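Chemist: Top to bottom, those sequences are chains L and X. Residue numbers for the first sequence follow the working numbering, beginning at 13 and rising by one. Residue numbers for the second sequence follow the working numbering, beginning at 13 and rising by one. No residue lacks a Cβ here, since even glycine has one placed at the ideal position from N, Cα and C. These numbers come from a predicted model, not from an experiment. I have a structure here, written as structure tokens, and I will follow up with some questions on it.
There are 2 protein chains.
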Amino acid sequence: MTETPERLRVPEHMYRALGYLFPRLMFLNARYAPQVHWGDIAAALDGFPTDDLDLASAGFWNLWRERWTDRAESYTALAEASGTVAGRSRALRGAAAAYHWAEFQYFDDRTVKQRLRQRIRDCFLGSLAGTDLQVTEGSLPGTGAGYWVLRTEAMRASGEPLPAVVLSNGLDSATEVEVMALAEAYLERGIAAVLFEGPGQGLRLGRTPVLAEMEPVVAELLEKLRTEPGIAADRLAFAGISFGGYLALRVARELGEHFRCVVNFGGGPAIAKFDGLPRRLKDNFRFAFGAEPGADLQPRFDELAIEPGPAPATEVLSISGALDDIFPIEGLYDLDRAWSDRHSLEVHPREAHTSLNLINSYTLRTADLVTERLADRA
Amino acid sequence: MTETPERLRVPEHMYRALGYLFPRLMFLNARYAPQVHWGDIAAALDGFPTDDLDLASAGFWNLWRERWTDRAESYTALAEASGTVAGRSRALRGAAAAYHWAEFQYFDDRTVKQRLRQRIRDCFLGSLAGTDLQVTEGSLPGTGAGYWVLRTEAMRASGEPLPAVVLSNGLDSATEVEVMALAEAYLERGIAAVLFEGPGQGLRLGRTPVLAEMEPVVAELLEKLRTEPGIAADRLAFAGISFGGYLALRVARELGEHFRCVVNFGGGPAIAKFDGLPRRLKDNFRFAFGAEPGADLQPRFDELAIEPGPAPATEVLSISGALDDIFPIEGLYDLDRAWSDRHSLEVHPREAHTSLNLINSYTLRTADLVTERLADRA
């Protein structure tokens, strides 16, 4: 007798261990941004050993990397076999998403990490063939940063200078995946999206320590955007998610006068105590900050804590989960008091970091608000 | 002391009970087709009573309906509050998806069912404002069926008659949700999509018994398409999913000469024994077939079983899960032998009905194949 194969499903023990991550894996339904399908998760988690579910361990995420790399490679094979532009595009989008999850929380080998991140980039750019999305690449020699200006064909064809939103990565997001997904709401509203990668962000993650003092990068980017005839440099907004939300608060404080509004998705003025960071976050911060394995980053966290200071020269919106264990809500309450009517705080009582169960509705409402603020006042 | 609210998550007991359904809930990442976000599922399943998880019961699906109706209403409220076309479109897409899951497996009250299905329709059509998708509605007075021809603006602007794929619903799918999602792969490849609703399908579900002998409807639709200058009536394909895949096999046999190829996603020549149908399927079939509660549909199933007969006048592709408990694979093996080189059978050993973990890759490959078959031979 031959054995009947078992039905493919996300195993219950994996859902139990990783349930917190599912809203991140699914993120936002998107048009250009790579996104996995449920079956990709099922295939990646199927047969995962039950005895190695320590999410703080390198071992878990190394196995995870192998499994998502397999998914990615099955998508690149699908792309190669496809005889249509649309087929290759969709398959490469699947590959880009799977490569992102492959490198997610993997920090063992910088070369492997960077190769995976490069593959996200290559697959994503390949997936844009045949779409109406146009990517204009630029670099910021002063600070070593890079950026993309994203517009659709129809937006460029209008010939008018466009309002724009500048979007910042968090610590472990991919420019092509989460930041691209966030950008789509703006593109749909006729707003150009500027995706930048400062030191330690995107492809630069693990190459140079992430720059928490990101203001010089944003200042250089602003200089550049002012010389760009396609962009209406007096109609700019800034938004960031997670650590990018923290950066958004810094930008609001230091460069607020250049932006009509600033949005902070899930960041806060202070990171939680390093010692108490759950899951893989200690190593995540160590990797991004270029610290040694085992290093205590509390002194660095202390330096980075933002004193609210006087209210910024722009309107700021923060959206936060009351159960956030990375940027505790308390810091935002203090900042909200200090910044008074220049700051709005939206707190979701049952949400954790970046309120991912609600991302579809809060990004929609936020994009509507930003659209209103960026309207042509001429 | 106030109680700390619990973090919102899909509860483990709900994942355990409903895990089989998650690939259906997430289906295909789509651009126009309504699709839920993970957080919608979390909100719908949060706090679901642990003592009523009998998926064969009306009680479970009635509660399920209430919860998804709440989700849908939160999306319609979001649409009303939105000040942008893009915001309303995205919110209405969310509402349409949630209304579909609300009516899913709910059969208690035909009026409620039909109202929910009408809302899917209204929200979906509303969500197309500002997109480039154009819907041309038509009706088939002879058989009481209706259809949509879907094209993008760019496809219509070409002025050339377009190849087209005719897509059929299954028993409990929604034209606007699953069938629309399947249509997108064709639109991306420059192929018009014709979505029809025969008696008992789509908005007609529960109004008239589903017509298993769907060939006269398809024949009337073919007549109509031949008079449509925008459609190249000699470049047609037919595809259906689940019960629509069964219908596709009938169409291949009776009307094969009108289609360059026919695709059967997860259907088969014979339905499993009525007595042994799992979960809510007995009531699902009873509702669609207009049978009394408690009725035994085995005699009807016996009538409907397709004898393969001689090979059809067209090329047929069937994609099936070896663990399918609705259309058992054995029937397809018989048909595959009988139809010989006019039939290709792709069997996925670890997949159940409609192989939903693999839907992204098999729909991509199938759309590529259909594109090749529909190429202009002139």
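(1) What does the Cβ neighbour count give for Thr220 (chain X), buried or exposed, with the cut at 16 atoms within 10 Å?
(2) Note down, in chain order, each residue of its chain lying with its Cβ closer than 7 Å to the Cβ of Val97 (chain L), except the 5 sequence neighbours on either side.
(3) Can you find a C-beta in chain L that's less than 9 Å from the C-beta of Met13 (chain X)?
(4) Name, going along the chain, the residues of the region 17–31 of chain L whose beta-carbon falls closer than 7 Å to a beta-carbon of chain X.
(5) DSSP state of Asn369 (chain X), grouped into three classes?
(6) Can you list, in chain order, the stretches of the beta strand (DSSP E) that have 3 or more residues and sit fully within the region 166–199 of chain L?
(7) 9 Å is my cut-off, CB to CB: does Ala55 (chain L) come that close to chain X?
(8) So with CB distances below 9 Å, who are the chain X contacts of Phe60 (chain L)?
(9) Just checking my contact of Pro361 (chain L) with Gly280 (chain L) at CB under 8 Å: how many whole Å lie between their CB atoms?
(10) For my contact list, Glu190 (chain X) and Ile253 (chain X) are in at a C-beta cut-off of 8 Å; report their separation, rounded to the angstrom.
(11) So what does Thr220 (chain X) bridge to, in DSSP terms?
(12) Could you say which of L:Arg216, L:Ala195, L:Pro322, L:Arg262 lies nearest to Ser330 (chain L) if we only look at CA atoms?
(13) Within 8 Å, do at least three Cβ pairs link the region 15–30 of chain L to the region 24–34 of chain X?
(14) Using beta carbons (cut-off 9 Å, strictly below), is Asp380 (chain X) in contact with chain L?
(15) Based on Cα-Cα distance, which residue from X:Phe255, X:Gly154, X:Ala186 lies nearest to Leu233 (chain X)?
(16) Mapping the DSSP letters down to three states, classify Asp346 (chain X) as helix, strand or coil.
(17) Can you check which of these residues, L:Tyr118, L:Val48, L:Leu179, is closest to Leu375 (chain L) by C-alpha distance?
(18) With a threshold of 9 Å between beta carbons, is Glu456 (chain L) in contact with chain X?
(19) Within 10 Å of its beta-carbon, does Asp10 (chain X) have 16 or more other beta-carbons around it, so buried, or fewer, so exposed?
(20) Which whole-angstrom value is the C-beta distance of Ala54 (chain L) and Arg83 (chain L), which I expect to be below 8 Å?
(21) If contact means a Cβ-Cβ distance below 9 Å, which residues of the region 82–101 of chain X contact chain L?
(22) Check whether the Cβ atoms of Phe250 (chain X) and Val274 (chain X) sit closer than 9 Å, and answer yes or no.
(23) My output table needs one value for Tyr258 (chain L): the three-state DSSP class, helix, strand or coil.
(24) Would you say the region 105–115 of chain L touches the region 151–169 of chain X, given that touching needs at least three Cβ pairs under 8 Å?
(25) Using DSSP bridges, identify the partner residues of His360 (chain X).
(26) Please report how far the alpha carbon of Gln310 (chain X) lies from the alpha carbon of Ser101 (chain L), in whole angstroms.
(27) Quick one: which residues of the region 101–129 of chain L get their C-beta closer than 7 Å to a C-beta of chain X? List them in chain order.
(28) Could you have a look at Tyr87 (chain X) and say whether DSSP puts it in helix, strand or coil?
(29) Tell me which same chain residues have a C-beta within less than 7 Å of the C-beta of Ala387 (chain L), skipping the five on either side of it?
(30) DSSP on Ala231 (chain L), reduced to helix/strand/coil?
(31) Kindly indicate the opening and closing residues of the beta strand (DSSP E) around Val124 (chain L).
(32) Check the Cβ of Gln213 (chain L) against every Cβ in chain X and list those closer than 7 Å, keeping chain order.
(33) Name, going along the chain, the residues of the region 363–376 of chain X whose beta-carbon falls closer than 8 Å to a beta-carbon of chain L.
(34) DSSP state of His49 (chain X), grouped into three classes?
(35) Go to Asn41 (chain L), then tell me how far its alpha helix (DSSP H) extends in each direction, as first and last residue.
(36) Is it buried or exposed for Lys285 (chain X), if we count other Cβ within 10 angstroms and need 16 for buried?
Modeler: A quick look at the data gives this:
(1) The residue in question, Thr220 (chain X), is exposed, as its Cβ has fewer than 16 Cβ neighbours within 10 Å.
(2) Cβ neighbours of Val97 (chain L) beyond the five flanking positions: Ala141, Gly142.
(3) Confidence at Met13 (chain X) is low in this model, with a pLDDT of 49, below 50, so the placement of that residue should be treated as unreliable; the coordinate-derived value is given next. So, not an interface residue.
(4) The residues in question are Pro17, Glu18, Arg19, Leu20, Arg21, Val22, Glu24, Tyr27, Arg28, Gly31.
(5) Asn369 (chain X) falls in the helix class under three-state DSSP.
(6) For the region 166–199 of chain L, the full-length beta strand (DSSP E) segments reaching 3 residues or more read 174–180 along the chain.
(7) Chain X has a Cβ within less than 9 Å of the Cβ of Ala55 (chain L).
(8) For Phe60 (chain L), none of the residues of chain X pass the 9 Å Cβ criterion, the least Cβ distance being about 15 Å.
(9) By a beta-carbon distance limit of 8 Å, Pro361 (chain L) does not contact Gly280 (chain L). Their separation comes to about 16 Å.
(10) About 7 Å separates the Cβ atoms of Glu190 (chain X) and Ile253 (chain X), confirming a contact at the 8 Å cut-off.
(11) For Thr220 (chain X), which the question treats as bridged, DSSP gives the partners X:Leu217.
(12) Ranking L:Arg216, L:Ala195, L:Pro322, L:Arg262 by CA distance to the CA of Ser330 (chain L) puts L:Arg262 first.
(13) Two segments are said to touch when three or more pairs of C-beta atoms, one from each, lie closer than 8 Å; by this definition the region 24–34 of chain X touches the region 15–30 of chain L.
(14) True, the Cβ-Cβ gap to chain L drops below 9 Å.
(15) In terms of Cα proximity to Leu233 (chain X), the closest of X:Phe255, X:Gly154, X:Ala186 is X:Gly154.
(16) Asp346 (chain X) falls in the helix class under three-state DSSP.
(17) Note on identity: in this sequence residue 375 (chain L) is Thr, with Leu being the wrong assignment. It is L:Leu179 whose Cα lies nearest to the Cα of Thr375 (chain L).
(18) The question about residue 456 (chain L) has no answer here: the residues shown for chain L are numbered 13 through 390.
(19) Within the shown structure, residues of chain X are numbered from 13 to 390, placing residue 10 (chain X) beyond reach of any answer.
(20) Going by Cβ atoms, the distance from Ala54 (chain L) to Arg83 (chain L) rounds to 10 Å, so no, they are not a contact pair.
(21) Within the region 82–101 of chain X, the residues whose Cβ lies closer than 9 Å to some Cβ of chain L are Ser86, Tyr87, Leu90, Ala93, Ser94, Gly95, Thr96, Val97, Ala98, Gly99, Ser101, listed in chain order.
(22) Contact flag set, yes.
(23) Correct three-state label for Tyr258 (chain L): helix.
(24) With the cut-off at 8 Å, the region 105–115 of chain L and the region 151–169 of chain X do not touch.
(25) Per DSSP, the beta bridge partners of His360 (chain X) are X:Gly333.
(26) In a straight line, the C-alpha of Gln310 (chain X) is about 45 Å away from that of Ser101 (chain L).
(27) Listed by position along the chain: Arg102, Ala103, Gly106.
(28) In this structure, DSSP gives Tyr87 (chain X) a helical state, which the three-state scheme calls helix.
(29) So the list is empty, once near-sequence residues are dropped.
(30) If DSSP states are grouped into helix, strand and coil, Ala231 (chain L) belongs with the helices.
(31) Where Val124 (chain L) is concerned, there is no enclosing beta strand (DSSP E), although the alpha helix (DSSP H) it sits in stretches over 122–139.
(32) Simply none; closest approach about 25 Å.
(33) Hits within the stretch, in order: Glu363, Ala364, Leu368, Asn369, Leu370, Ile371, Asn372, Ser373, Leu376.
(34) Shown here, His49 (chain X) sits in coil according to DSSP, grouped into three states, outside any helix or strand.
(35) Per DSSP, Asn41 (chain L) belongs to no alpha helix (DSSP H) and is neither H nor E.
(36) With fewer than 16 Cβ atoms within 10 Å of its Cβ, Lys285 (chain X) is classed as exposed.
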